[in-house]
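Working notes, structure below.
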Amino acid sequence: MQAKLRGRKMQLAFEETDEQLRSRAVDVRVSQLERAFQLAQSGRCTTVADIKRKLREEGYQDDQVEGPLLFGQLNSLMKKSASQSGTGSAQRA
513 MQAKLRGRKM QLAFEETDEQ LRSRAVDVRV SQLERAFQLA QSGRCTTVAD
563 IKRKLREEGY QDDQVEGPLL FGQLNSLMKK SASQSGTGSA QRA
């Protein structure tokens, strides 16, 4: 780190490479609800039970993945993802 004098203000110049910055990056974990929505959109899960199982496998709890409104949102995303990828239940039959 170098200090540069600009006018009357001191400015710090950091000389770190992208690699050094990445190595110090904080591992930020998304919430279980955000992860549930990511899984629903990914096309890797076809039911809410699949999402809850995957959350547990990834070390999340699944206690917030409850309720008819949330289930409807997740099912809608899974259906949309399946239709976009061509892997819907009609395609598998």
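Using the numbering used here, read the sequence shown as starting at 513 and increasing by one per residue.
Ideal Cβ placement from N, Cα and C applies to all residues, glycine included.
This one's a predicted model, so the numbers in the text were calculated from it and none came from an experiment.
Annotated three-state conformation of Glu578 is coil, per DSSP. Here Gly584 carries a helix assignment [DSSP, helix/strand/coil]. Ser593 counts as buried, since no fewer than 16 other beta carbons sit within 10 angstroms of its beta carbon.
In chain order, Gln544, Arg547, Ala548, Leu551, Gln573, Asp574, Val577 place their CB closer than 8 Å to the CB of Leu567, counting only its own chain and leaving out the 5 sequence neighbours on each side. The C-alpha of Ser554 lies about 8 Å from the C-alpha of Met590. In the three-state scheme derived from DSSP, where H, G and I count as helix and E and B as strand, Glu570 is classed as coil.
Nearest neighbour of Gly579 by Cα position, chosen from Val560, Gln596, Glu570, turns out to be Val560.
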